[in-house]
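In the working numbering, the protein residues as written are 1 to 448.
For glycine and all other residues, C-beta sits at the position ideal for the given N, C-alpha and C.
In what follows, a structure is listed as structure tokens, so that the remarks can point back to it.
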């Protein structure tokens with residue numbers, strides 16, 4: 001007799017949950033940081049700088065750590081990337097700065113740039129002192145829509161230039177993906193909010209939570225009260241897998257599952273299946289799978305339609321999942337979700353292969369039993385609030401020029417809602433650079 005889906009909270013004790021969702025990568029000690037910093041060659045024309053989307057002067061900040069000048073190190077980082085603390089935790093440094101480290105050629109082990117960046121930024125945040133001060137007030141007002149990494153970076157840089165910023169967000173808390181969308185063990189506790197408070201302590205930024213574009217205001221109403229608008233809308237929509245049975249109980253978007261974990265205090269109230277299948281191959285899929293396992297799921301299988309080398313999740317993330325007991329299966333495309341009594345019970349896949357350079361799924365079918373199925377097949381920008389606004393889109397993103405200007409005068413955009421790398425550090429760069437463009441454009445108007 002079928003017992004129905006086995007989905008429950010509290011599969012492991014509070015003590016185990018606390019351990020499972022504690023900091024996955026503890027910080028370097030003072031001594032470890034100095035030793036690691038001494039490994040840096042302090043290259044002239046350092047390739048690690050070029051590899052960082054925000055262009056952090058890596059050798060200079062590492063030299064600061066090596067010589068005990070943590071204040072100088074932190075300032076060097078934060079001048080380029082005001083969210084250097086979260087980026088030190090969530091950036092895929094293995095494919096960015098650390099991949100380009102010249103130490104790889106000699107020792108096959110780069111300098112731990114991310115860990116050293118965390119050391120400096122954590123020190124600065126612990127001091128509770130904002131290393132930047134605002135310029136004299138300009139009297140100019142700018143609206144920033146979306147309080148994720150791009151929006152925060154833009155708001156901070158505009159405030160430093162002396163402008164007054166209103167920072168809107170549809171969620172009750174600012175932070176965007178850092179608050180709601182990354183694995184809880186990457187930024188545990190209240191780190192995301194602590195960093196937001198640190199960024200906004202520069203002054204000049206007014207938070208407006210629970211305020212959504214298209215529902216509570218429009219671009220036209222914003223432009224009536226502000227001289228410029230920056231859109232950092234992110235990708236709030238989750239793509240459908242297009243499968244029969246997708247609406248059965250027990251099937252959910254991986255991003256929603258991750259958010260439920262992020263917003264839970266002890267994690268004791270977060271339900272997870274005994275057998276979980278995650279469909280997807282990106283970092284969201286990895287985060288969902290590992291956290292399902294850490295919540296107490298007995299079996300967690302991540303299934304991706306192509307090979308390991310084409311997964312958007314880095315090799316480090318893939319290895320992390322396997323270390324945590326997640327089984328990864330490649331070359332399998334989902335066909336349908338099966339259910340019993342309105343609840344998911346299994347998911348069917350078709351095996352695939354490469355044929356004439358293309359992925360073809362024409363092999364045998366296999367079925368994985370599952371109590372919970374998490375879909376991580378991509379996200380998209382929600383354009384409904386932009387209808388009739390004059391902001392043009394292209395390729396599923398907001399179209400912008402090299403400075404973040406949209407097709408609508410006085411409206412700028414950046415982050416995941418525009419084309420480019422979908423990385424926190426890239427979003428910070430977009431917000432920072434758009435703020436400089438806004439400041440330059442406002443300054444020109446004032447001079448005229």
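Check, Outcome
"Would you call the CB atoms of residue 451 and residue 68 closer than 8 Å?", "With the chain represented from 1 up to 448, any question about residue 451 goes unanswered, as that position is not in the structure."
"If we require 4 or more residues per run, which alpha helix (DSSP H) segments fall completely within the stretch 308-376?", "315-323"
"Does residue 429 pass the burial test, meaning 16 or more other C-beta atoms within 10 Å, or should it be called exposed?", "buried"
"Going by DSSP, what residue range makes up the beta strand (DSSP E) through residue 81?", "Per DSSP, residue 81 belongs to no beta strand (DSSP E) and is neither H nor E."
"So, are the CB atoms of residue 167 and residue 206 less than 8 Å apart?", "yes"
"Are at least three pairs of beta-carbons, each pair with one atom in the stretch 363-374 and one in the stretch 191-201, less than 8 Å apart?", "no"
"Looking only at its own chain, which residues have a Cβ that is under 6 Å from the Cβ of residue 236, when we skip the five neighbours before and after it?", "382"
"Start and end of the alpha helix (DSSP H) containing residue 103?", "103-107"
"I'd like the list of long-range same chain contacts for residue 137, defined as Cβ closer than 6 Å, with 5 residues on each side in sequence excluded.", "162"
"Looking at C-alpha atoms only, which residue of 311, 332, 15 is the closest neighbour of residue 305?", "332"
"Should the stretch 203-223 be regarded as contacting the stretch 69-87, the criterion being three or more beta carbon pairs within less than 8 Å?", "no"
"How many whole angstroms separate the CB atoms of residue 343 and residue 5, which I take to be in contact at a CB cut-off of 8 Å?", "4 Å"
"Answer with buried or exposed for residue 1, where buried requires no fewer than 16 other C-beta atoms within 10 angstroms of its C-beta.", "Residue placement at residue 1 cannot be trusted, given a pLDDT of 37 that sits under 50; the coordinates are not used to answer."
"Looking only at its own chain, which residues have a Cβ that is under 6 Å from the Cβ of residue 439, when we skip the five neighbours before and after it?", "161"
"Pick out whichever of 23, 12, 361, 15 has its Cα sitting closest to the Cα of residue 186.", "23"
"Is the distance from the Cβ of residue 380 to the Cβ of residue 239 below 8 Å?", "yes"
"Give the straight-line distance between the Cα atoms of residue 273 and residue 360, rounded to the nearest whole angstrom.", "31 Å"
"For residue 188, which residues of its own chain have a beta-carbon under 7 Å away from its beta-carbon, when the five flanking residues on both sides are left out?", "21, 22, 23"
"Just the Cα atoms here: how many angstroms apart are residue 44 and residue 115?", "22 Å"
"What runs of the alpha helix (DSSP H), each 4 residues or longer, lie entirely inside the stretch 142-224?", "149-160, 177-180, 191-200"
"From what residue to what residue does the beta strand (DSSP E) around residue 301 run?", "299-303"
"With a threshold of 7 Å (Cβ to nearest heavy atom), would residue 305 be considered close to the ligand NAP?", "Ligands are entirely absent from the displayed structure, and the ligand NAP is therefore not among its contents."
"For residue 8, which residues does DSSP report across the bridge?", "272"
"Does the distance from the CB of residue 314 to the CB of residue 95 come in under 8 Å?", "yes"
"Alpha carbon to alpha carbon, how far is residue 36 from residue 416?", "33 Å"
"Cα separation between residue 39 and residue 109?", "10 Å"
"In the DSSP output, what is residue 380 paired with across the bridge?", "237"
"So, does the stretch 58-68 touch the stretch 165-182, judging by three or more C-beta pairs under 8 Å?", "no"
"Rounded to the nearest angstrom, what separates residue 10 and residue 308 at their Cα positions?", "33 Å"
"How long is the line joining the alpha carbons of residue 448 and residue 32, rounded to whole angstroms?", "Below a pLDDT of 50, predicted positions are generally treated as unreliable, and residue 448, at 49, falls in that range; no measurement from the model is reported."
"Cutting at 6 Å between CB atoms, please list the residues of its own chain near residue 150, excluding the five before and the five after it.", "232, 414, 415, 427, 430, 431"
"Indicate whether the contact test is met: 3 or more Cβ pairs, each with one atom in the stretch 389-396 and one in the stretch 257-272, closer than 8 Å.", "no"
"With C-beta atoms as the reference, is residue 303 less than 8 Å away from residue 277?", "yes"
"Using the C-alpha atoms, what's the distance from residue 183 back to residue 316?", "15 Å"
"Assuming contact is defined by CB atoms lying nearer than 8 Å, are residue 89 and residue 119 in contact in what I supplied?", "no"
"Can you tell me where the alpha helix (DSSP H) holding residue 58 begins and where it ends?", "58-66"
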